[in-house]
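Just so you know, the protein sequences line up as chains A and B, in that order.
Throughout, the numbering used here is defined as the position within the first sequence, counted from one, plus 1.
Throughout, the numbering used here is defined as the position within the second sequence, counted from one, plus 1.
There are 2 protein chains.
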Amino acid sequence: MSSVRRIPAPTLERLAAYLTCLREMQEEGVAKVSSEALGKRAGNNAAQVRKDLSHLGQFGKPGVGYEVGPLRDRIVRALGLSGGHKVLLVGAGSLGRALARYQGFRREGFEICALFDNDPQKVGHKVGGLEVFPVEEIATRNRELRAAIGIIAAPGPAAQAIAGALVEAGVTCILNFAPVRLRVAKHVAVRAVDLSRELAVLSHWLSRRGRE
Amino acid sequence: MSSVRRIPAPTLERLAAYLTCLREMQEEGVAKVSSEALGKRAGNNAAQVRKDLSHLGQFGKPGVGYEVGPLRDRIVRALGLSGGHKVLLVGAGSLGRALARYQGFRREGFEICALFDNDPQKVGHKVGGLEVFPVEEIATRNRELRAAIGIIAAPGPAAQAIAGALVEAGVTCILNFAPVRLRVAKHVAVRAVDLSRELAVLSHWLSRRGRE
DNA sequence: TCCTGTGAAGCTTTTCACAGCA
DNA sequence: TGCTGTGAAAAGCTTCACAGGA
């Protein structure tokens, strides 16, 4: 398949992992990589790597492998990371502040361009160079900023209302750290990071350890 | 299937979500719930809910539904959450501090019992009532604590060495926030929370918006 | 009648296996 | 020979549909 159609989410997640590996390789001065070598680094098997990369068109040279630089560029394009994205971050609690300071966003091409919180105590303060604005101002502030991505780093009970405000402001992709299922219009895409989910899986595995 | 065998990870994740819903319902004084009602709350369809719960044995009453309290207890048991778990947290940067302060851990039965960091500037300081110890002390300190779960909230380059130290100290389950694939012995279970993965998926969706 | 538990169907994702090219 | 790209097979997960119990 030559042009990029819908790529399944598991594949997208692995492409992001390959990107990290390819960046490392570039820093190490590696110029070519086989599906097997890339798979080993990323923790997947070679066939999986080839199938994933086949979504991006034909790239590899039989008998040789893939060229690190061009492959990386191709994945960046497929993931839509080349232009950079503005992001609204809602919640200036400890998680929100950690995210505001996280350097990885910028490296991946994401720019947190505004920070919001409901708590009047936090409004007006600065976090990582950004002033905290009240949540009610999301829509008006985004009229200029035109960010399409929002991150919710607020407590569960506030999350649904925040999601509504973000969508109202024109956001169409939400990354949700609150432990609740958001109900949003179906043109809005939501990804959730839920600690209690991760912990539940670990805990189950732990309690099974040794049996099987 | 009456006794609990291996439960697939997607099911475990949903069970954690049901648990949150059931807790809410208990607070609201709801005593009984049908698979459809629970599904609606958790964002899954009724058949999925019944299939998931069938891993825990037979519980529901046809024509009535499930009793909220007993069902919740049963899920807690299946997830191995009843006894509580001690957790070692490594990394006292902004993410580590946010996790150390996160109240959700305790509510789910996880207790962060020690905090470690490589940075001498951070060692000795207190975060959320916990003193920060140097990473080299993980093994000795865990000789008494006997925690089996470790959380890595350190930068990528440090993560692999930390994972080694945790495993050395007897940890068998790791929750990794660093954007690297950890290589560990196969008796060790790893779950990864990777922001670049989440962002990559959102970004791809964003760049596809409107076509299809 | 209402709702569970579950075999079977349907769909998605992963793995296999090999033709074909450098 | 070494490695890609890809149909086909296998595995895994979700949804359907209905028998049967309260």
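The C-beta atom is built at its ideal place from N, Cα and C for all residues, glycine as well.
If you're wondering where the values come from, they're calculated on a predicted model, not measured in any experiment.
* Asked: By Cβ distance below 6 Å, which residues in the same chain neighbour Gly61 (chain B) in space, the five residues on each side in sequence not counted?
  -> Tyr67
* Asked: If you draw a straight line from the alpha carbon of Val88 (chain B) to that of Ile150 (chain B), how long is it in whole angstroms?
  -> 5 Å
* Taking all protein chains shown into account, decide if Arg184 (chain B) is buried (16 or more other Cβ within 10 angstroms of its Cβ) or exposed. => exposed
* Which partner residues does Ala1 (chain A) have in the DSSP bridge list? -> What is shown of chain A runs 2 to 213, which leaves residue 1 (chain A) out entirely.
* Taking all protein chains shown into account, do 16 or more other C-beta atoms lie within 10 angstroms of the C-beta of Glu213 (chain B), making it buried, or fewer, making it exposed? -> Any reading at Glu213 (chain B) must be qualified, since the residue scores a pLDDT of 46, below 50, and its modelled position is unreliable; no value is offered.
* Is there at least one Cβ from chain A nearer than 9 Å to Gly44 (chain B)'s Cβ? -> yes
* To do: Name the residue from B:Lys187, B:Phe178, B:Asp74 and B:Thr21 whose alpha carbon lies nearest to the alpha carbon of Ala154 (chain B).
  => The candidate whose alpha carbon is nearest that of Ala154 (chain B) is B:Phe178.
* **Three CB pairs or more closer than 8 Å across the region 201-212 of chain A and the region 185-193 of chain B** => yes
* To do: For Ser95 (chain B), decide whether its Cβ has a neighbour in chain A, counting only Cβ atoms nearer than 9 Å.
  => yes
* Thr141 (chain B) burial status per 10 Å Cβ neighbour count (16 or more: buried) -> exposed
* Are any of the Cβ atoms in chain A nearer than 9 Å to that of Ala17 (chain B)? -> Chain A places a beta carbon closer than 9 Å to that of Ala17 (chain B), counting this residue as a contact.
* Do you know how far the Cα of Gly92 (chain A) is from the Cα of Phe1 (chain A)? -> Given a span of 2 to 213 for chain A in the structure shown, any question on residue 1 (chain A) remains unanswerable.
* To do: Have a look at Gly40 (chain B) and Leu16 (chain B) and give me their C-alpha separation to the nearest angstrom.
  => 11 Å
* Asked: Considering Arg107 (chain B), what are the terminal residues of the beta strand (DSSP E) in which it resides?
  -> DSSP places Arg107 (chain B) outside any beta strand (DSSP E); the residue lies instead in the alpha helix (DSSP H), whose first and last residues are Gly105 to Glu109.
* Asked: So which residues on chain B does Phe117 (chain A) lean against when the C-beta distance must stay under 9 Å?
  -> Residues of chain B passing the Cβ test: none, with the nearest at roughly 17 Å.
* **Residues near Val31 (chain B) in its chain [Cβ-Cβ closer than 7 Å; skip 5 each side]** => Val69
* **Residues near Met2 (chain A) in its chain [Cβ-Cβ closer than 8 Å; skip 5 each side]** => The pLDDT assigned to Met2 (chain A) is 40, lower than 50, so where the model puts this residue is not dependable; a value taken from the coordinates is nonetheless given after this. Closer than 8 Å at the Cβ level, and outside the excluded window around Met2 (chain A), lie Ser55, His56 and Gly58.
* C-beta neighbour in chain A for Ser197 (chain B), strict 9 Å -> yes
* Residue-level contact to chain A via CB, Leu203 (chain B), 9 Å cutoff -> yes
* Could you give the DSSP three-state label for Ser3 (chain A): helix, strand or coil? => Low confidence applies here, because Ser3 (chain A) scores a pLDDT of 37, under 50, leaving its location unreliable and the question unanswered by this model.
* Name the chain A residues that come within less than 8 Å of Thr21 (chain B), Cβ to Cβ? -> Pro180, Val181 and Ser197
* Residues of chain B with CB under 9 Å from Glu14 (chain A), in chain order? -> Asp195, Arg198, Glu199, Ala201 and Val202
* Whose CA, out of B:Leu72, B:Ala148, B:Val194 and B:Ala186, lies closest to the CA of Lys33 (chain B)? -> B:Leu72
* Where Ile150 (chain B) meets chain A, residues with beta-carbon distance less than 9 Å -> Leu200, Leu203, Ser204 and Leu207
* Under a CB-based cut-off of 9 Å, is Ile8 (chain B) close to chain A? -> yes
* To do: Classify Asn143 (chain A) as helix, strand or coil using the three-state DSSP reduction.
  => helix
* Extent of the continuous alpha helix (DSSP H) run through Ile163 (chain A) -> Gly157 to Glu169
* **C-alpha gap between Ala47 (chain A) and Leu167 (chain B), whole angstroms** => 29 Å
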